[in-house]
Amino acid sequence: MRLTPPVPRHYPSHAAFHLPAEDTAVCEARRRVRAILHGWSVPCGDDMVLVVSELFTNAVRHSGSDTIDVALWTADKLVYVEVTDRGCATGDLAPRQAELDDEGGRGLMLVEALAVRWGAGSAQPGGGGHAVWAALPC
Numbered sequence: 046m047r048l049t050p051p052v053p054r055h056y057p058s059h060a061a062f063h064l065p066a067e068d069t070a071v072c073e074a075r076r077r078v079r080a081i082l083h084g085w086s087v088p089c090g091d092d093m094v095l096v097v098s099e100l101f102t103n104a105v106r107h108s109g110s111d112t113i114d115v116a117l118w119t120a121d122k123l124v125y126v127e128v129t130d131r132g133c134a135t136g137d138l139a140p141r142q143a144e145l146d147d148e149g150g151r152g153l154m155l156v157e158a159l160a161v162r163w164g165a166g167s168a169q170p171g172g173g174g175h176a177v178w179a180a181l182p183c
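The numbering of the sequence shown is the working numbering, which starts it at 46 and goes up by one.
Laid out in structure tokens, this is it:
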């Protein structure tokens, strides 16, 4: 079962883009999100940029996907993001406790700390790929 964010009937603001699943695209994802949120005059931009950076990086490193899709929208005084890959990675996505010397492993922990709610599930009805979303107050 896929946990999905509430879907309002009308998004006052909505934007989407896709980028190659490459390390070098993470910076471009941050830049685009920052520009979109600035255009919407959203005050939580820095936190959302960090969340997108972590989710996009996870998709690049773990999905095996060629491209990654990012969607942003506002509803009910929240800003939502959904990062979707088309990879073949399986398994539950859950924050883990990283060791002090670990170079990674803190991404979902940061998302959980910044988001009022978040969830993840299969991107396709029959499985395959992940869709991870988060909602931040604005």
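Beta carbons: idealized from backbone N, C-alpha and C, even for Gly.
Just so you know, these numbers come straight off a predicted model, no measurement behind them.
Judging by CA-CA distance, which residue of the options is the nearest neighbour of residue i?
i, options, result
"A74", "V156, V128, W163", "V128"
"N103", "L159, L153, A179", "L153"
"S86", "V124, E99, A66", "V124"
"C183", "H59, P88, A168", "P88"
"V126", "S108, V156, Q169", "V156"
"A180", "S108, D92, R79, H107", "D92"
"H107", "C133, R79, W163, D121", "C133"
Are there 16 or more other CB atoms within 10 angstroms of the CB of residue i, so buried, or fewer, so exposed?
i, result
"H83", "exposed"
"V161", "exposed"
"T119", "buried"
"A61", "exposed"
Determine whether the beta carbon atoms of residue i and residue j lie at a separation below 8 angstroms.
i, j, result
"S110", "R77", "no"
"V96", "L159", "yes"
"A168", "I113", "no"
"S98", "V71", "yes"
Can you give the Cα-Cα distance for residue i and residue j, rounded to whole angstroms?
i, j, result
"H63", "F101", "11 angstroms"
"G166", "G174", "8 angstroms"
"H59", "I81", "9 angstroms"
"P53", "L117", "Bear in mind that the predicted position of P53 carries a pLDDT of just 48, short of 50, making it unreliable; the figure below should be weighed with that in mind. Cα to Cα, the separation comes out at about 13 angstroms."
"T69", "W178", "22 angstroms"
"G90", "K122", "13 angstroms"
First and last residue of the beta strand (DSSP E) that includes residue i?
i, result
"S108", "Looking at the DSSP string, S108 is not in any beta strand (DSSP E), and its letter there is neither H nor E."
"T112", "112-120"
"G132", "Element bounds for G132: n/a, residue is neither H nor E."
"G166", "162-167"
"A66", "Looking at the DSSP string, A66 is not in any beta strand (DSSP E), and its letter there is neither H nor E."
Between which two residues does the alpha helix (DSSP H) containing residue i stretch?
i, result
"G152", "152-159"
"V87", "From DSSP, V87 is part of no alpha helix (DSSP H); its letter is neither H nor E."
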